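Student: Residue numbers (the numbering used here), protein chains in the order written: chain A, 115 to 402; chain B, 115 to 402. Where a beta carbon is used, it is the ideal one built from N, C-alpha and C, also for glycine. In this text, all values refer to a predicted model and were calculated from it rather than measured experimentally. First the structure, then my questions, so here it is.
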């Protein structure tokens, strides 16, 4: 049982990790290899105190060096869900591993690509964010897959092994999917619709001559780097896609804290760092 | 009329300044030459993202370089008071200068030296924080002066010019005050007491053979680097010495924001930086 599990390796998560480390806490941090796409892609950051006009690449390099110096490892397994139990939390990865902790800090950022209408409504009823978790449910079925990044392309192949037919909506360039039952659509869907479960994917107009405006499907997968916090943690209270927190970064779930862009605007590095720091202090307080 | 005046040059104030600068706002920042005693005296900072195990001195140097690059000046005049007017704020310095702005960000830190019992009760009724503002009121009177730093020693001489008798309680080493009417006391007072105004300074026991346990005085000056925010800004709501703010760093006074240690624990650089950033965004929002 760890003291804390941090989900997210952007500056909010890193700030929390450095402070937990300084406070002698035993924790895990889940994130991505380059720590944060948002930071890495930033051209120049003009308002981060201590690093004048730093480039995103240099900032990532400095943060990596700092984590290495502090002996903090970033686990790159994708988190599938966080479950609040009686005496703590279980974090389940998409690979099926389980990790337990007394507290959780959510520093998941905000997905800049907005949700499809109907996505939240049908989550768990035909909408899934995890190919390896739910792929087998769609054996010989017809599914649509929205994939936002090349990094998750391998999951499309995984889904194509089960499904009879895959309609792929890729949001990146150089698509390399060889499975014969996969058809690409270069148009964003307008709405996920259905009766009790997902039945249809609706476009504003027919995407092409072969693809009708209303596509009959059995399931919809959205493969994104991060899922919305409310989906990740059942029962978590959010508002307009942001986690509701107080000044101690406490969420509505005891022992669950949040920091950074996922708690709302301004989407700024300094804000995320401040909140990560506060969340770590709140964790220490909670453990006491 | 400036867009904003920032009071305090610690990392909270600097973070606000860099963000206001990035947002093209016209502002002034008041602070001290070395930016922050707290930072400068820090041995190593272990949990500031981007600057691994940075020393306080190196951090101050990096911040100074950054302010210089961004062409942000730190005005070192001491602020005597902030007055909320109909269309903005007037900031009065101890030298008697006035500056006007539409908004204010308080980033004044926390005074680590605690207040004397009775100080707040008698503020404005014999207790003063400003020698140049109130010194002339004590012509031919007996006063006690608590001075926390060598940097403010010159104000003791100023007070000694007016007062008949000055009892000095210095909280620094190498006291160099030559005026004949100044007597030093090397003991902290326990309580400031009086009837309608300050009449007595009470010690737990007589400080020396010449100085009685209860000293008759007409006024009490506390010369500190910073005064409590509630004293600085009339009507500002505080709780246990901290400014009450919401998640947007809004105080109870419209247009007045706060950031950093003055808003409460944890007293951490990362927290202060985050709050300074948010306060600057709130100012931009307010001006819009």
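Select from B/300, B/230, B/313 the residue whose C-alpha is nearest the C-alpha of residue 256 of chain B.
Tutor: When only C-alpha atoms are compared, the closest one is B/313.
Student: Under 8 Å Cβ-Cβ, which residues of chain B neighbour residue 150 of chain A?
Tutor: Within 8 Å Cβ-Cβ: nothing; residue 150 of chain A doesn't reach chain B, min ~11 Å.
Student: Classify residue 368 of chain B: buried if its beta carbon has 16 or more other beta carbons within 10 angstroms, exposed otherwise.
Tutor: Residue 368 of chain B is exposed by the Cβ-count criterion.
Student: Rounded to the nearest angstrom, how far is the Cβ of residue 376 of chain B from that of residue 221 of chain B, given a contact under 8 Å?
Tutor: The Cβ separation is near 7 Å, so the contact holds.
Student: What residues from chain A crowd round residue 173 of chain B, counting only those whose CB sits closer than 8 Å?
Tutor: Within chain A, the residues near residue 173 of chain B are 164.
Student: Between the stretch 358 to 367 of chain B and the stretch 269 to 288 of chain B, can you find at least three pairs of beta-carbon atoms closer than 8 Å?
Tutor: The stretch 269 to 288 of chain B is not in contact with the stretch 358 to 367 of chain B.
Student: If the cut-off is 9 Å on Cβ atoms, which residues from the stretch 342 to 358 of chain B count as contacting chain C, listed in chain order?
Tutor: Protein chains A and B are contained in the structure displayed, whereas chain C is not.
Student: With three or more C-beta pairs closer than 8 Å as the rule, is the stretch 129 to 137 of chain A touching the stretch 150 to 169 of chain B?
Tutor: Yes: at least three Cβ pairs fall under 8 Å.
Student: Could you check where the alpha helix (DSSP H) with residue 305 of chain B kicks off and where it finishes?
Tutor: That residue, residue 305 of chain B, is in no alpha helix (DSSP H); its beta strand (DSSP E) goes 305 to 308.
Student: Whose Cβ in chain B lies nearer than 7 Å to the Cβ of residue 327 of chain A?
Tutor: Simply none; closest approach about 41 Å.
Student: Could you give the residue range of the beta strand (DSSP E) that holds residue 202 of chain B?
Tutor: Taken as a continuous stretch (DSSP letters only), the beta strand (DSSP E) holding residue 202 of chain B covers 202 to 207.
Student: Run through DSSP, which three-state label would residue 397 of chain B get?
Tutor: Of the three classes helix, strand and coil, the one that applies to residue 397 of chain B here is helix, per DSSP.
Student: Per DSSP, what kind of secondary structure is residue 154 of chain A in: helix, strand or coil?
Tutor: Three-state result, residue 154 of chain A: helix.
Student: Under 7 Å between beta-carbons, which chain B residues line up against residue 385 of chain A? List them in chain order, please.
Tutor: By Cβ distance, chain B contributes 388, 391, 392.
Student: How would you call residue 391 of chain A, buried or exposed, if buried means at least 16 neighbouring beta carbons within 10 angstroms?
Tutor: Under this definition residue 391 of chain A is a buried residue.
Student: Decide if residue 207 of chain B is buried, meaning its Cβ has at least 16 other Cβ atoms within 10 Å, or exposed.
Tutor: Residue 207 of chain B is buried by the Cβ-count criterion.
Student: Going along the chain, which unbroken runs of the alpha helix (DSSP H) with 4 or more residues stay wholly within the stretch 334 to 360 of chain B?
Tutor: For the stretch 334 to 360 of chain B, whole alpha helix (DSSP H) runs of length 4 or above, ordered along the chain, are 343 to 346.
Student: In the stretch 125 to 142 of chain B, which residues sit with their C-beta less than 7 Å from some C-beta in chain A, listed in chain order?
Tutor: Listed by position, the residues of the stretch 125 to 142 of chain B near chain A (Cβ gap below 7 Å) are 125, 128, 129, 132, 133, 136.
Student: Apply the 10 Å Cβ neighbour rule to residue 327 of chain A and answer buried if 16 or more other Cβ atoms are within range, or exposed otherwise.
Tutor: That one is exposed.
Student: Could you pull the start and end residues of the alpha helix (DSSP H) that residue 272 of chain B belongs to?
Tutor: Residue 272 of chain B -> alpha helix (DSSP H) spans 268 to 276.
Student: Give the straight-line distance between the Cα atoms of residue 150 of chain B and residue 123 of chain A, rounded to the nearest whole angstrom.
Tutor: Spanning the two alpha carbons is a distance of roughly 30 Å.
Student: Considering residue 117 of chain A, what are the terminal residues of the alpha helix (DSSP H) in which it resides?
Tutor: Residue 117 of chain A -> not in any alpha helix (DSSP H); beta strand (DSSP E) instead, spanning 116 to 121.
Student: For the stretch 256 to 280 of chain A, which residues have a beta carbon sitting closer than 8 Å to at least one beta carbon of chain B?
Tutor: Correct list: empty, as no residue qualifies.
Student: Keeping to the same chain, check which residues put their C-beta closer than 7 Å to that of residue 304 of chain A; ignore five residues upstream and five downstream.
Tutor: The answer, listed in chain order, is 231, 316, 317, 318.
Student: Would a check of beta-carbon distances place residue 117 of chain B closer than 9 Å to chain A?
Tutor: No, residue 117 of chain B lies away from the interface with chain A (no Cβ there is under 9 Å from its Cβ).
Student: Is it a yes or a no for the stretch 252 to 269 of chain A touching the stretch 345 to 358 of chain A, going by three-plus beta-carbon pairs under 8 Å?
Tutor: They do not touch, by the three-pair rule.
Student: Give the straight-line distance between the Cα atoms of residue 332 of chain B and residue 344 of chain B, rounded to the nearest whole angstrom.
Tutor: Distance between the alpha carbons of residue 332 of chain B and residue 344 of chain B is about 23 Å.
Student: Is there a Cβ of chain B sitting closer than 9 Å to that of residue 122 of chain A, yes or no?
Tutor: It does not: the Cβ of residue 122 of chain A has no partner Cβ on chain B nearer than 9 Å.
Student: Quick check on the DSSP output: what are the complete alpha helix (DSSP H) runs of length 4 or more inside the stretch 153 to 198 of chain B, in order along the chain?
Tutor: Runs of the alpha helix (DSSP H) inside the stretch 153 to 198 of chain B: 170 to 183.
Student: Where does residue 244 of chain A sit, in a helix, a strand or coil, going by DSSP?
Tutor: Reduced to three states, the DSSP call for residue 244 of chain A is coil.
Student: Determine the closest residue to residue 307 of chain A out of A/236, A/381, A/177, with distance taken between C-alpha atoms.
Tutor: That would be A/236, whose Cα lies nearest to the Cα of residue 307 of chain A.
Student: For the putative contact between residue 337 of chain B and residue 216 of chain B, defined by C-beta atoms under 8 Å, what is the C-beta separation to the nearest angstrom?
Tutor: That belief does not hold up - the Cβ atoms of residue 337 of chain B and residue 216 of chain B are roughly 31 Å apart, past 8 Å.
Student: Return helix, strand or coil for residue 255 of chain B, following the three-state DSSP convention.
Tutor: Here residue 255 of chain B sits in coil by DSSP.
Student: Could you check where the alpha helix (DSSP H) with residue 129 of chain B kicks off and where it finishes?
Tutor: It spans 125 to 136 - the alpha helix (DSSP H) in which residue 129 of chain B sits, taken as one unbroken run.
Student: Spell out whether any CB of chain A is found under 9 Å from the CB atom of residue 179 of chain B.
Tutor: So, interface residue.
Student: According to DSSP, is residue 330 of chain B helix, strand or coil?
Tutor: Note: residue 330 of chain B maps to strand in three-state DSSP.
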